[in-house]
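Protein chains in written order, with my numbering: chain A, 2 to 1137; chain G, 4 to 546.
This is how it looks when you write it as structure tokens:
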């Protein structure tokens, strides 16, 4: 690896990330930088030792050998340095300098070591050089297929050591070129070109990209490795996937980016961008969150979303035990490794600017029926239930004649501006690099009202400095997030606005600006709350900093110390302002208020996450073919959270300050109530061996001690082994390799841990609750207790992974397939306790789950004429099964939804009755099985009588489906044509069940909703027997109870979807033109996000879910989501 | 996998890290006590007892119990109480499981308290004994709730283990009652009377409460002699506490009269910090309520007699169907808001409540939100709203710190009257000790309504008196179940005011039909989930 790297002395190309087609290539380069910047595990060559035994060979051969064994690259002019001279040498573990001293002693050749380059020159120009070849001087430009100059490309005369490298504009000048020479031009990432010299003294070369992805350098735990040597399931996502995307944070950008990296965006509210992140599905009944590591530091998952997406170099997703076990007790759910951008050595400053502006348009997927239509439907529902109609024919006529008012939901939503600007400067000198960036992200809310939205400011500085054997890397990042939100709940605002009929008699605001309520919107008026109800203001500071010191002890052995911290300081101020609501335009006394208590609340939280690591890192190749790597480290992670909150009510309506009537709410608390501390000590290590680039073997382990467990169960040992075989490297596979391409088999097995359980559970605790009771009108505190489980210990995941990597068509097609099987035991579960026991008992290690799945990733690129295409596809699935559970079964319910945990089923499956169409006539009603106590009529739901006992009861329930996404996929298509580029990102889910209740399903839901929606019109009537929905019957009626009162598949929807996540069209100004206005690059583009979603049930966002990433839920899903916005905008990328 | 090397390495790194300020692995919570430092003071012990007090009941249950009965109708939603009252409940009904769960949670708190309070050093023994008696009362209260709803239930006097909870079987109701009677006898002997407690202790369980609960326990078993015996300890006898009817019926439930002479046990709330807000969905909308979730039925309204002492359907009662609220029992207006009722706003202004459809004057400054519209609207489903327990000092959102009375002296009088009548001992003297003072206090002045009636069914009179006196206090459901009249009054259509279509039920709003299966519904089901976890529990008939 290092050889290839260092054949490119400048290490990098200097032009911009012009085309997405080149993502892969670029990521290779950027990774090189990463390697060179010292976080890599390979030693620099300063102390490289070489072993040689050469008799009577050309000096050039010795130089080549040194290049092979070390990272050094020799640069010399053949005219001046005679490398054909024959000599002999026998050294063992000799330094390069020592060898050079030997072979060039008594010659006129001197050497100078500059970084990884050794420049040979003659020390006396006057001395006549022997063997000087006559020949002409050849000049030219080396460019890539896009016409961009290739900087630092090797230009050599074939069969000689006469060569040079291209300069910053791609120019080269080669002297002494023989008449019939063949010029070999090579550069990492491109296919080497061999061009015969013709008559002209100019030879321009266009290099074609080499799609050898197997040479890609991939960030792994505590280091990097070449793609071809990776034997675990590791996916690397390059910066191109993240850049220039109008997303609020990284998690959003990662959707669809990697197979089995399942991301569900539950809300698009800029102040609540909640997403579920799962790697390889659900493996435990507890916390399934992956571990997040940024630049080598373990951080909280929330810190990931504070990163500026444009600072990200790449993201590695570690999926299997082999690659993740070194993270031990937290790795069972996979690891997300994020690497930020660094500067490059010997690079002049590069200034980049990117800006993006667009509009997020709220896209409500359902709409109410017309007013008069709704009145008729309402009457019908009442009459069907045996009640009197409530609208008279004249009222209905009036609704029809006078037209509808604007739907309230539309009145509280607006288009929102989104802006994103980034500016960075990066570069480096001989011994240091720097990258400084700043970013600004501003997302308005789609709610009308007081400038709701979120602003984020990012600042980052990454620098590296080398001093002899020491290399220091420092990284500092600061993120500030300012959020302004309403004082209510988003779901409440949306539901209050959406279920009001569009009758022309209703309005939200009267001529005097007073907010109105009416007979169906009697408590709050959402517009009033948004416009006058005060604000929730968050300001969050996040500072992450780390110092990383690498010290080279001997060749191949380094001592590394990393010390870093993630400091978050969050403040939230809520000022609730009282809003009066009037029952009519003539009412003079408010009928009610929102925020009547005028609370002012402050919340302060400080989180410090300290991370210290010391490790020894070894990497040597013996006898050319035996590569040995080793790593041994120690670390501590200490987490401290402190929070306090003060709440006051009846504060001054304008300032929120205390006045005479102000009271302090007793839910206020001081720091001891808001403190959490935890600590984790670890020893970890890795040992690897590979033979001749064919066979790879690796062992890694971690030994963790956690404060979450009793001292007897505190320490856990987590080992893994993995192996790989590059079959195509075998001699007998030469034919195959030439015909098809690379082929690698790999596998891993390991035991991972999960300690993501609540703190202090091994101790019996007594917690004091304020205001538990009162005597004589004075409140008193009460004590509750939580019994301990002293036996609490880690969850263990035994993970097996096999995979195949292959390339085809001269590396144009890259394919990777993985299968995994993960058995998690000792899962901490809350036992189902008979309620006679009287309380909860703590979790104990009793559950067991099996989680399996597969992943396919394909990449294909081809070029036709001026068109270049790059297609990426990832497709994955995971499915789990509960193997052991306390009592074997647990059914829980939220509203109508019931879910079940049962041995043999996927975790938390939907459970309930199966519908069997509708009763079509009285005969069917008479003879059919109906629920206990129910009265049904034709048009009502008929349930399957599973046990055929003539009654529908609990025994007739079925397992109805599961809410975790299956067959998740992402498709990327990038295309460029001349200076135009186009990209498309599709993302979707192949199979998912979604339980949805509430007004979007049940007409006039529970008497809380007053309008029907257009998608509900296909209801049963005698002339519409095959309807989608049962007959209309008012809430509270027996029919309604039968139809909508049960957990049944009437509430279950197919949530498979295909979404056009992002589409982008760009144009890059030809460099000759942009340079005239002082820019190295100027690209403009238009982009759209979430433009189109194909799904079976168009009235609800298929990503809407009640479940979090652990398949835990707070209530059932009522579909009261912030509308999924459609973003349309444009952007500019400029580089100076 | 105990590798020595790793252990030593780990020890080394712990040592190194501790030098650099990293946290230790033995961490204790900063906001909770642990076993080691909890049972150390009387104050901390009393906080466990406070938790038990809070588990006596809840405001939600206080009001939803009423909608289980024929007094109240739930017009919105499909709550588990609605399912029970309409006859559609099965064994998985969540009220069945919640009542069971909450009761046993309270019993656990009591047991944990009783088993640990002796550990507290240097505690005043009198206080310790009293607090134990309070806990035992709460436990007996909860067992009475359980056995009244479910019949046989598991009975235990010591905290049980998880294993025991998975196999325990149900104790026959008779044994549970014996336990309750014995416990109440014992705590009665220990507990102070209401006058012996310091003022700061108002709200604590008293000797009188123990006696009154015992009377209630016997009443629910129709054990009339023991009801009489218990009641006689409180009527005309101040050695067990001093109780008397409060001067104003409406005033009993006003915040300024908390802890009045009539209160024997009330569930404590504290303004602003410990509040209930059910009235937000019960009071008229124009006075600040949000919606109307449940409302009084016409059947209850019809049981309020006329000022002349006659039931409305009695001859010469003077009842006028077109002006139905005139000359009615004053307790009616104090309990229920009807069309045309006056409402005193907190600022003293008087407002008329317009419920009849289309009756609101166009210049009404409060709008027309109280009007009956029909099924599925925000306003009342029956044409009535609730007044009793409305707290004019409540915060917006009807967050009230008003105590909810669980046992009051009027109940004792009514229990006594009923028991004496069932024993055949009802006479003018008993009448004059019980029903008459209740009616006088209510505001009846017509002699015929006060004097001992010579005609009519005394049982009907007493039961009707009990219904209206205690309406909306969560007790009706237990009465109709012990009288075995639930199968009559909870079958068929409940009704609202005469605002409906004239062709149906004479214009009285016809509400959703209820069914009551006498074979099944007098006992609640053992919660399905509990039976599944512990098959030894068995099930009540019909589920």
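All residues carry an ideal CB built from backbone N, CA and C; glycine is no exception. Being a predicted model, the structure only gives us computed values, none of them experimental.
Return the Cβ separation of residue 424(G) and residue 465(G) in integer angstroms, given the expectation that the two are a contact with Cβ distance under 8 Å. 6 Å
Does any C-beta atom of chain G lie closer than 7 Å to the C-beta of residue 784(A)? yes
Would you say residue 236(G) faces chain A, with C-beta separation under 7 Å as the test? Taking Cβ atoms only, chain A never reaches closer than 7 Å to residue 236(G), which makes this a no.
Is the beta carbon of residue 474(G) less than 7 Å from the beta carbon of residue 483(G)? The answer is no: Cβ separation not under 7 Å.
Any beta-carbon of chain A closer than 7 Å to the one on residue 441(G)? Under the Cβ criterion of 7 Å, residue 441(G) is not counted among the residues facing chain A.
Three CB pairs or more closer than 8 Å across the region 363 to 375 of chain A and the region 287 to 301 of chain A: no
Let me know the secondary structure DSSP gives residue 86(A) once reduced to three states. coil
Is the shortest distance between the beta-carbon of residue 647(A) and the beta-carbons of chain G less than 7 Å? no
Using the three-state DSSP reduction, which class does residue 103(G) fall into: helix, strand or coil? helix
Inspect the beta-carbon positions of residue 53(A) and residue 66(A) and report whether they are closer than 7 Å. yes
Top-ranked residue by Cα proximity to residue 61(G), from 373(G), 145(G) and 358(G): Closest in alpha carbon position to residue 61(G), among 373(G), 145(G) and 358(G), is 145(G).
Using only the alpha-carbon positions, how far apart do residue 632(A) and residue 802(A) sit? 23 Å
Within this structure, are the beta carbons of residue 439(A) and residue 348(A) separated by less than 7 Å? Going by C-beta atoms, residue 439(A) is not nearer than 7 Å to residue 348(A).
How would you label residue 47(A), buried or exposed, when you count the other beta carbons within 10 angstroms and need 16 or more for buried? Note that residue 47(A) has pLDDT 48, beneath the 50 cutoff, so the model's placement of it is unreliable and the number below is only indicative. Residue 47(A) is buried by the Cβ-count criterion.
Which chain G residues are close to residue 391(A), counting only those with a beta carbon under 9 Å from its beta carbon? 376, 377, 378, 379 and 380
In terms of DSSP beta bridges, what is residue 152(A) paired with? Residue pairing from DSSP leaves residue 152(A) without any beta-bridge partner.
Classify residue 1(A) as helix, strand or coil using the three-state DSSP reduction. With chain A covering only 2 through 1137, there is no way to say anything about residue 1(A).
Given this structure, state the Cα-to-Cα distance separating residue 954(A) from residue 501(A), to the nearest angstrom. Rounded to whole angstroms, residue 954(A) to residue 501(A) spans 35 Å at the Cα level.
Going by beta carbon distance, what residues of the same chain come within less than 6 Å of residue 1045(A), once the five residues before and after it are set aside? 1003
Against chain A, which members of the region 82 to 94 of chain G pass a CB distance test of less than 8 Å? 85, 86, 89, 90, 91, 92, 93 and 94
Please report how far the alpha carbon of residue 481(G) lies from the alpha carbon of residue 1098(A), in whole angstroms. 48 Å
Any C-beta of chain G under 7 Å from that of residue 432(A): Closer than 7 Å: no.
First and last residue of the uninterrupted alpha helix (DSSP H) at residue 1072(A): 1072 to 1077
At the 7 Å Cβ level, is residue 524(A) part of the contact set with chain G, yes or no? yes
For residue 435(A), which option in 597(A), 345(A), 183(A) and 785(A) has the closest C-alpha, if you only look at C-alpha atoms? 345(A)
Any alpha helix (DSSP H) of 4 or more consecutive residues that is wholly inside the region 694 to 746 of chain A: 735 to 740
Residues of chain G with a CB under 7 Å from the CB of residue 673(A): which are they? 33 and 34
Residues of chain A with CB under 7 Å from residue 368(G), in chain order? 588, 589 and 590
Is any beta-carbon of chain G found at less than 7 Å from that of residue 835(A)? yes
Thinking C-alpha only, which one of 736(A), 910(A), 602(A) and 973(A) is nearest residue 958(A)? 910(A)
Indicate whether at least one CB of chain A lies closer than 7 Å to the CB of residue 165(G). Yes, contact with chain A.
Assuming residue 1026(A) contacts residue 921(A) under a Cβ cut-off of 8 Å, what Cβ separation, rounded to an integer in Å, is found between them? 6 Å
Residue-chain proximity (residue 288(G), chain A), Cβ-Cβ < 7 Å: yes
Would you kindly check if the distance between the Cβ of residue 388(G) and the Cβ of residue 282(G) is under 7 Å? no
Below 7 Å between beta carbons is the criterion; list the residues of the region 648 to 670 of chain A that meet it against any residue of chain G, in chain order. 664 and 667
Cβ of residue 842(A) within 7 Å of Cβ of residue 788(A)? Yes. Within cutoff.
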